[in-house]
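**Q** Residue numbers (our numbering): 1 to 145.
The beta carbon of each residue, even a glycine, is placed where N, CA and C say it ideally should be.
Sharing a structure with you now.
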C-alpha cells in the first residue's frame, strides 16, 4: 500500500499542471489581445467612424490586461502552494488538495499584479498603440482618406 509520502510527487505534478495551465492562459490572452486590437484597426480604417472603433478597442485592451493579471496572480498562488506542499509533511486531511486560496496573502494583490513586469510592459504597449491610433483617427480631418 502506498504511503502519503509516496503520493507527494503526484500531488506536486497536479499543482504544476495547474501552474502550466495558468501560464498558457496568460499566453493565449496576450495573443487574443493583439488579434483584437488588429481587428479594431481594420474596422477603424474601413469603418464609417474610425474614432469610435478605436475607442471600442480600449475595452478589450483593458479587459485582457485585467485577465492577464488575474492569471498571473493565480499562478503565483499555486507556486506558493507548490512550495508549501514540497516542504510540509503530508497529512490525510489535505491529500491532493489544490486549494491555493490560503496563499492569497503571500502574493501581491490583483491590483499590484497589474503593474508586474510581465503584465505591465506588454499590455501598456498594446494600450499605447490603441491610444495613439485613437488620437490619430480623432485628429484626422473628416475628408482625409
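What are the boundary residues of the alpha helix (DSSP H) that residue 126 is part of?
**A** Counting from one through the chain shown, the residue named residue 126 turns up at place 126. Element bounds for residue 126: 117 to 139.
**Q** With H, G and I counted as helix, E and B as strand and the rest as coil, what does DSSP make of residue 14?
**A** Your numbering for residue 14 matches position 14 in the chain shown. If DSSP states are grouped into helix, strand and coil, residue 14 belongs with the helices.
**Q** Can you tell me the Cβ-Cβ gap for residue 61 and residue 130, rounded? I've got them flagged as a contact below 8 Å.
**A** Position 61 of the chain shown holds residue 61. Position 130 of the chain shown holds residue 130. Between residue 130 and residue 61 the Cβ distance is about 5 Å, and since that is below 8 Å, they are a contact.
**Q** In terms of alpha-carbon separation, which member of 137, 85 and 70 lies closest to residue 116?
**A** To locate residue 116, count along the chain shown from 1; it is residue 116. The shortest Cα separation from residue 116 among 137, 85 and 70 belongs to 70.
**Q** Less than 9 Å between the beta carbons of residue 19 and residue 106, yes or no?
**A** Residue 19 sits at position 19 when you count from the first residue of the chain shown. Residue 106 sits at position 106 when you count from the first residue of the chain shown. It is not a contact, given that the beta carbons lie outside the stated cut-off.
**Q** Throw me the rounded Cβ distance for the residue 215 and residue 103 pair, which I believe falls under 8 Å.
**A** This structure leaves residue 215 out entirely; the chain is present only between 1 and 145.
**Q** Under three-state DSSP, which class holds residue 105?
**A** In the chain shown, the residue the question calls residue 105 occupies position 105. Of the three classes helix, strand and coil, the one that applies to residue 105 here is helix, per DSSP.
**Q** Using a threshold of 9 Å, state whether the C-beta atoms of residue 126 and residue 37 are closer than that.
**A** Walking along the chain shown from the start, residue 126 turns up at place 126. Walking along the chain shown from the start, residue 37 turns up at place 37. Yes, Cβ-Cβ distance for residue 126 and residue 37 is below 9 Å.
**Q** Could you have a look at residue 7 and say whether DSSP puts it in helix, strand or coil?
**A** Along the chain shown, read from residue 1 onward, the residue named residue 7 stands at position 7. In the structure shown, residue 7 sits in a helix (DSSP, three-state: H, G or I).
**Q** Under the three-state reduction of DSSP, which class applies to residue 75: helix, strand or coil?
**A** As a working mapping, residue 75 is identified with position 75 in the chain shown. In this structure, residue 75 counts as helix in the three-state DSSP scheme.
**Q** By the DSSP assignment, the alpha helix (DSSP H) with residue 96 in it spans what residues?
**A** Counting from 1 along the chain shown, the entry for residue 96 is found at position 96. Taken as a continuous stretch (DSSP letters only), residue 96 belongs to no alpha helix (DSSP H), as it is neither H nor E.
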